[in-house]
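J.: End of the sequence shown = 280 in our numbering, gap-free, step of one. I have a structure I would like to understand better, so I am pasting it below and will then ask my questions one at a time.
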Amino acid sequence: MINKLCIIGIGLIGGSLARALRDIGHVREVTGYGRSVGNLRQAVELGVIDRVEVSLVDAVRNADMIVLAVPVGGMAEILDQLGPVLSTQAVVTDVGSVKGSVVTAARQALGTRFTQFVPGHPLAGSEQSGVAASTPDLFQGARVILTPEPETDAAALARVQEMWQTIGAQVATLSAADHDRILAASSHLPHMLAYCLVDMVVRHDDHRAILECAANGFRDTTRIAGSDPVMWRDICLANREALVAALRQYRTDLGALVEAIEKGDGPWLLDTFARAKHARDGLNKKN
Ligand code: NAP
């Protein structure tokens, strides 16, 4: 049971976590701290949080669980403010989509209290953002990756693990470096491709005609290009090395595809598409 939960950044992910914990009665009180007053007010009106605090110090006072749910680029600033006021009772975790940069910022900002920080990332979400899009069942059946460091306190790790499991998520642990490399391929790369594809099409001379003819294939492939640009700029900048490696690999494979089409290499195309279809069909069966 969490006595006082403080969510910093009450958007899609922070709001959904608060709703889920409230729905099952796993939390007594939820306070929120964020940036725009309008969003925070809406979070109270929607019943996502009990109270808004205008100062971070007040928001985290007596909190036993603090969740950082701001875009990755905003984490360091929040952690810097949190460092001097963090009590020894509180466990701090985050939901950022990149882990290495957040871990570095937390280590610097929290000093000896870094042991109380449990880095995390729920693999659930959507292209929508803001507290109005939050839902209590977002994490039901979802995977949550925690990337504890050698210094991470075992009891703090267990508390964060329990928080996610209580709302129906499956928790796994990875190193921050493995997380960032794997997520670069599974999540960050597809987002880059979707943004790039839509941007390429809208800059085309015939873009109106192309978009008028865009059916489900285009819509399915590009749904995630509707995601928040600030969030994705931050993810690119924070996971630069792994993402560039994934993009370079993709560019090489795209080059091979261009060559095969130019040469009219039917067998190569058939092999590649059949291999991909087999893998994609397997993914459907797993889910
Ligand atoms: P979101 O819906 O845009 O919510 C972010 C919230 O943080 C907003 O309420 C925003 O306030 C607030 N905020 C932004 N910058 C801030 C700052 N500097 N100080 C205080 N508050 C600030 O975003 P989200 O989708 O919930 O994403 C939150 C985190 O979860 C990100 O780190 C993201 O990488 C991670 N994540 C996202 C997904 C996904 O699919 N969306 C999935 C897994 C993890 P305003 O209302 O004032 O803008």
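Just so you know, even glycine gets a beta-carbon here, dropped at the ideal spot from N, CA and C.
Could you work out which residue in W225, H200, D213 is closest to S180 when comparing CA atoms only?
T.: Locating residue 180 in the sequence shown gives position 187, where the first residue counts as 1. Closest option to S180, Cα to Cα, is W225.
J.: Alpha carbon to alpha carbon, how far is Q121 from K256? Give it in angstroms, no decimals.
T.: Within the sequence shown, residue 256 is the residue found at index 263, counting from 1. Within the sequence shown, residue 121 is the residue found at index 128, counting from 1. If I take the Cα positions, the gap works out to 42 Å.
J.: How far does the beta strand (DSSP E) with P115 in it extend, from its first residue to its last?
T.: In the sequence shown, residue 115 corresponds to position 122, counting from 1. Segment 113 to 115, the beta strand (DSSP E) holding P115.
J.: Please confirm whether any heavy atom of ligand 1 lies closer than 7 Å to the CB of E70.
T.: Locating residue 70 in the sequence shown gives position 77, counting from the first residue. Distances from the CB of E70 to the heavy atoms of ligand 1 include at least one below 7 Å.
J.: V30 and I(-5): beta carbons closer than 8 Å?
T.: The residue you call residue 30 lines up with position 37 of the sequence shown. The residue you call residue -5 lines up with position 2 of the sequence shown. Taking the C-beta atoms as reference points, I(-5) is found no nearer than 8 Å to V30.
J.: Looking at ligand 1, does it come within less than 7 Å of V50, judged from the CB to the closest heavy atom?
T.: Here the question's residue 50 lines up with position 57 in the sequence shown. V50 Cβ: outside cutoff for every heavy atom of ligand 1.
J.: Are the beta-carbon atoms belonging to V84 and R152 less than 8 Å from one another?
T.: Indexing the sequence shown from 1 puts residue 84 at position 91. Indexing the sequence shown from 1 puts residue 152 at position 159. For V84 and R152, yes; Cβs fall inside 8 Å.
J.: Which ranges does the alpha helix (DSSP H) cover as unbroken runs of at least 4 residues, wholly within the segment 67 to 108, from first to last along the chain?
T.: 68 to 75, 93 to 103
J.: Tell whether a beta-carbon distance below 8 Å holds between I6 and T24.
T.: Here residue 6 corresponds to residue number 13 of the sequence shown, with the count starting at 1. Here residue 24 corresponds to residue number 31 of the sequence shown, with the count starting at 1. Contact flag unset, no.
J.: Determine which residues share a DSSP beta bridge with G25 and list them.
T.: Position 32 of the sequence shown, counted from the first residue, corresponds to residue 25. G25 is bridged to I0, V45.
J.: Nearest-angstrom Cα distance between S48 and Y26?
T.: Sequence index remark: in the sequence shown, residue 48 carries index 55 (1-based). Sequence index remark: in the sequence shown, residue 26 carries index 33 (1-based). The straight-line gap from Cα to Cα measures roughly 7 Å.
J.: From the DSSP output, in three-state form, read off T215 for me.
T.: One-based indexing of the sequence shown puts residue 215 at position 222. Helix at T215.
J.: Closest by CA to Q163, which one among Q133, R244, C(-1)?
T.: If you number the sequence shown from 1, residue 163 lands on position 170. Nearest of Q133, R244, C(-1) to Q163, Cα basis: Q133.
J.: Would you mind reading off the limits of the beta strand (DSSP E) that contains Q163?
T.: Against the sequence shown, residue 163 aligns to sequence position 170. From DSSP, the beta strand (DSSP E) with Q163 extends over 163 to 166.
J.: Looking at C-alpha atoms only, which residue of E142, V124, G18, G123 is the closest neighbour of G286?
T.: Outside the displayed span of the chain (-6 to 280) sits residue 286, for which this structure offers no information.
J.: When DSSP labels each residue in this structure, what does M185 get in the three-state scheme?
T.: Translated into positions along the sequence shown, residue 185 becomes position 192. Reduced to three states, the DSSP call for M185 is helix.
J.: Do you know offhand how far A169's Cα is from V96's?
T.: Indexing the sequence shown from 1 puts residue 169 at position 176. Indexing the sequence shown from 1 puts residue 96 at position 103. Those two C-alpha atoms are separated by around 8 Å.
J.: Within the present structure, is the beta-carbon of V63 separated from the nearest heavy atom of ligand 1 by less than 7 Å?
T.: Counting from one through the sequence shown, the residue named residue 63 turns up at place 70. Checking the Cβ of V63 against ligand 1 gives yes.
J.: Mapping DSSP to helix, strand and coil, what is R136?
T.: Locating residue 136 in the sequence shown gives position 143, where the first residue counts as 1. Reduced to three states, the DSSP call for R136 is strand.
J.: Given this structure, state the Cα-to-Cα distance separating R100 from F107, to the nearest angstrom.
T.: Residue mapping note: residue 100 aligns to position 107 of the sequence shown, counting from 1. Residue mapping note: residue 107 aligns to position 114 of the sequence shown, counting from 1. If you take the alpha carbons of R100 and F107, they lie about 6 Å apart.
J.: Which partner residues of M58 appear in the DSSP bridge assignment?
T.: As a working note, residue 58 is residue 65 in the sequence shown. Beta-bridge pairing links M58 to L(-2), V84.
J.: Just to confirm, does I6 get its C-beta within under 7 Å of one of the non-hydrogen atoms of ligand 1?
T.: Sequence index remark: in the sequence shown, residue 6 carries index 13 (1-based). I6 Cβ: within cutoff of ligand 1.
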